[in-house]
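Read through the structure below, which is laid out as structure tokens, and then see the notes.
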Amino acid sequence: MKASVYRSSQHYRGHVIDVTCFLLDGRIAYQYKVRAMATDELRCEDSSVNGNHITDQAALDEAFRAARGWIERYPLPWPFAPQAAEPT
Numbered sequence: 026m027k028a029s030v031y032r033s034s035q036h037y038r039g040h041v042i043d044v045t046c047f048l049l050d051g052r053i054a055y056q057y058k059v060r061a062m063a064t065d066e067l068r069c070e071d072s073s074v075n076g077n078h079i080t081d082q083a084a085l086d087e088a089f090r091a092a093r094g095w096i097e098r099y100p101l102p103w104p105f106a107p108q109a110a111e112p113t
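Under this note's numbering, the first residue of the sequence shown carries the number 26, and numbering increases by one thereafter.
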């Protein structure tokens, strides 16, 4: 499948990983964003601008692998969830 833009998401260790694949000079490149699930804080953003993938699936696999690797190197501090709201 060679779509002009293809998006997918995964949850991993308290994060949401959003990947966008796109055509670049006849090849498929990707961009990924890693957000903290509890706060929606953007923690990382990266891309493969060399566009060396032949299929969307290959680009997705590499993007998710890279994002999960980043999460392993820079895990969320404990606790993962934000503080509970003050009682009213």
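By construction, the Cβ of each residue, glycine as well, lies at the ideal position given by its N, Cα and C atoms.
Taken through DSSP and simplified to helix, strand or coil, Arg38 comes out as coil. Between the beta-carbon of Ser72 and that of Ala54 there is about 7 angstroms, and that keeps the pair under the 8 angstroms contact cut. Note that the C-beta distance between Arg32 and Val44 is below 8 angstroms. Contact between Cys46 and Leu101 is absent: CB atoms are separated by about 26 angstroms, not below the 8 angstroms threshold. When the five nearest sequence neighbours on each side are left out, no beta carbon in the same chain lies closer than 7 angstroms to the beta carbon of Gly51.
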